[in-house]
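Using UniProt numbering, you'd call the opening residue of the sequence shown number 1 and step up by one each time.
A virtual CB, placed ideally from N, CA and C, is assigned to each residue, including glycine.
Just below is one structure, and these are the notes that go with it.
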Amino acid sequence: MLCAGTAMSEDAAGTDGAAADGPAILVGKRYVDEAAGVELLCVKAGAGPLEYAGRELTLKSAKPLPSSD
Numbered sequence: 001m002l003c004a005g006t007a008m009s010e011d012a013a014g015t016d017g018a019a020a021d022g023p024a025i026l027v028g029k030r031y032v033d034e035a036a037g038v039e040l041l042c043v044k045a046g047a048g049p050l051e052y053a054g055r056e057l058t059l060k061s062a063k064p065l066p067s068s069d
């Protein structure tokens, strides 16, 4: 799992992730790699892209809410 070309880990002390020049990763959004069945929830904003197995993760689209009629 890579974010802005840097390996991600549970120990986030290694880098701040803000130095990259990629697309913004948004807090509270889910990113997916449907081919691998991977889904991530972003808990800290920063620069991307997010990658898994050499593929860039895509922003998961929101499900439409049912009408309240």
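- Residue pairing from DSSP leaves Cys-42 without any beta-bridge partner.
- For Leu-50, the enclosing beta strand (DSSP E) covers residues 50-52.
- By the criterion of a C-beta distance shorter than 7 Å, Leu-41 is surrounded in its chain by Arg-30, once the five residues flanking it on both sides are discounted.
- In this structure, the straight-line span from the alpha carbon of Ala-4 to that of Asp-69 is close to 44 Å.
- Straight through space, the alpha carbons of Leu-65 and Leu-2 are spaced by roughly 32 Å.
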